[in-house]
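Below is one structure, written out as structure tokens; comments come after it.
Numbering (my numbering), first residue to last: 1 to 479.
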């Protein structure tokens with residue numbers, strides 16, 4: 001078992017002010033894989049004080065030097081990929097092959113895209129030809145609290161740290177206590193890359209403790225949070241007294257709208273996308289809306305695909321999905337699957353209980369429901385497991401109405417060969433992202449949502465802007 005009890009504060013690993021042990025459970029085995037310490041108010045205060053003290057010097061550091069340090073971080077990151085993959089596989093259940101490619105790869109991808117975006121970004125620029133003595137300066141927001149989730153750990157840490165570092169913010173990272181080991185490896189990488197003391201700090205803790213302490217701290221200028229809508233609401237309320245900037249990337253209940261002219265791989269692609277990361281993605285296409293003329297065949301195909309998805313230990317190599325993260329999530333998913341059955345949805349594949357042959361570990365059967373309507377609980381709530389809900393529709397207008405009838409607005413998906421319909425759907429779907437015909441978003445594309453899926457954008461230029469204030473200057477003197 002790994003023991004990681006220290007925090008990274010002001011450029012050094014330091015013992016927590018008070019030991020509050022927390023066991024990190026391997027969801028594949030239900031056994032502890034690590035023991036960490038959860039921080040208290042004194043630890044939070046020390047990390048924030050270090051970040052505040054480092055802020056003037058880091059803001060004054062030329063942006064070229066900040067970019068160079070992120071480039072060095074990207075190099076160090078490549079040397080620790082297997083450490084990161086093994087940690088995430090053990091602590092949150094990502095299958096090791098998927099952890100090596102998608103989980104680790106996401107972090108490298110974001111760092112490189114921030115470097116490219118930063119080199120093109122105008123941190124100081126003229127207002128316009130009409131006002132030759134006016135300048136717009138983009139400067140760091142200040143001390144940023146970064147609160148990250150367990151489901152895509154390196155994806156979220158790099159999206160926040162990369163942008164904050166280039167922008168000139170100093171930061172305190174609180175990773176999820178469910179998946180802290182990868183974050184501590186990342187802190188080692190920040191240290192090896194040579195970031196000045198106090199620029200980056202790490203304190204482990206839970207949301208009620210360190211999370212609340214950071215979001216309400218008077219010396220924290222910004223909170224960037226990724227997690228549940230419930231927690232995002234609590235953070236916003238706690239941050240309101242100090243009027244700090246709050247960036248939220250929250251839950252989703254994405255619709256995958258499949259028209260009758262969709263390509264032949266659309267259903268299989270949608271099911272496998274839903275099952276990826278064991279369904280633990282806020283942008284998962286969890287509602288599949290299918291036009292009635294191809295609905296029956298789509299249901300049959302979806303059931304067959306789900307039955308072919310294998311489930312197994314996260315530390316075993318191969319193309320399978322792993323467990324969900326913990327017992328709490330497992331129980332929630334079981335309850336929602338039962339709710340779908342009780343409310344009259346047709347169970348096409350999967351169901352309650354563990355898959356055959358797996359008697360220990362938080363494993364969930366890949367599950368598909370059909371003949372649902374959009375008012376059923378399984379169509380309204382974010383399940384965060386490998387559970388797909390299929391709903392028929394007749395017209396494009398009905399599809400848009402069903403897709404938009406949700407409190408969430410993160411990602412929607414469209415499958416059709418009609419280019420005019422693609423563009424109409426892209427304009428009418430109420431979500432921060434729309435992906436069509438299996439095409440992924442390009443490098444530097446912003447990630448974020450509308451409504452109860454949050455605010456702000458992560459990645460590329462938009463990710464940088466979230467960590468920057470805009471300062472308007474008049475009477476600029478020629479240099």
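Positions of the beta carbon are idealized from the N, C-alpha and C atoms, including for glycine.
6 angstroms CB neighbourhood of residue i in its chain, flanking five on each side removed
i           : result
residue 366 : 275, 306, 309, 350 and 386
residue 248 : 225, 232, 454 and 455
residue 384 : 280
residue 45  : none
residue 147 : 174, 211 and 225
Alpha-carbon to alpha-carbon, residue j and residue i
i           : j           : result
residue 400 : residue 370 : 19 angstroms
residue 449 : residue 191 : 33 angstroms
residue 312 : residue 26  : 13 angstroms
residue 141 : residue 467 : 6 angstroms
residue 380 : residue 342 : 15 angstroms
residue 339 : residue 372 : 12 angstroms
residue 394 : residue 327 : 39 angstroms
residue 461 : residue 390 : 36 angstroms
residue 334 : residue 41  : 36 angstroms
residue 5   : residue 169 : 26 angstroms
residue 163 : residue 60  : 16 angstroms
residue 550 : residue 285 : Residue 550 lies beyond the stretch modelled for the chain, which goes from 1 to 479, so this question has no answer here.
residue 297 : residue 289 : 13 angstroms
residue 111 : residue 459 : 9 angstroms
residue 344 : residue 201 : 50 angstroms
residue 292 : residue 354 : 32 angstroms
residue 3   : residue 184 : 11 angstroms
residue 512 : residue 337 : Lying before the first or after the last residue shown, residue 512 is absent from the chain, which here runs from 1 to 479.
residue 18  : residue 176 : 19 angstroms
residue 123 : residue 442 : 23 angstroms
residue 58  : residue 223 : 19 angstroms
Close Cβ partners of residue i (< 8 angstroms) along its chain, the five nearest in sequence each way excluded
i           : result
residue 106 : 152, 154, 155 and 158
residue 1   : 32, 33, 34 and 35
residue 72  : 193 and 194
residue 69  : 165, 193, 194 and 195
residue 125 : 135 and 136
residue 96  : 85, 86, 89, 314, 315, 316 and 317
residue 161 : 146, 171, 173, 186, 190 and 200
Residue interval of the alpha helix (DSSP H) (run including residue i)
i           : result
residue 444 : First-last for residue 444: undefined, no H or E at that position.
residue 212 : 212–215
residue 63  : 63–79
residue 427 : 419–428
residue 297 : 295–308
residue 156 : 153–167
residue 465 : 460–465
residue 113 : 104–120
residue 452 : First-last for residue 452: undefined, no H or E at that position.
residue 238 : 229–240
residue 182 : 181–193
residue 250 : Segment: none, residue 250 is in no alpha helix (DSSP H) and carries neither H nor E.
Classification of residue i by the beta-carbon crowding that lies within 10 angstroms, buried from 16 upward
i           : result
residue 423 : exposed
residue 243 : exposed
residue 278 : buried
residue 488 : Here the chain covers residues 1 to 479 and nothing more, so residue 488 does not appear.
residue 440 : exposed
residue 463 : buried
residue 220 : buried
residue 43  : buried
residue 348 : buried
N- and C-terminal bounds of the beta strand (DSSP E) containing residue i
i           : result
residue 225 : 222–226
residue 37  : 31–37
residue 170 : 170–174
residue 21  : 21–26
residue 135 : 131–140
residue 289 : 287–291
Beta carbon proximity, residue i to chain D, threshold 9 angstroms
i           : result
residue 175 : The structure shown contains no chain D, having only a single protein chain.
Neighbourhood of residue i by C-beta, 7 angstroms cutoff - its chain only, sequence neighbours within 5 removed
i           : result
residue 121 : 461 and 464
residue 403 : 255, 257, 289, 412 and 429
I'd like to know if the region 354–366 and the region 319–332 are in contact, where contact means that at least 3 CB-CB pairs between them fall below 8 angstroms. Yes, the region 354–366 is in contact with the region 319–332.
Whether or not the region 70–83 and the region 93–113 are in contact is what I'm after, with contact meaning three or more pairs of Cβ atoms, one per stretch, closer than 8 angstroms; do they touch? Using a C-beta cut-off of 8 angstroms, the region 93–113 makes contact with the region 70–83, since at least three inter-stretch Cβ pairs fall below that distance.
Can you confirm whether the region 402–414 touches the region 255–267 when touching is taken to mean that 3 or more C-beta pairs between the two stretches lie within less than 8 angstroms? Touching, yes.
If we count Cβ pairs, one from each stretch, closer than 8 angstroms, do we get three or more for the region 261–268 versus the region 293–305? Touching, per the Cβ criterion.
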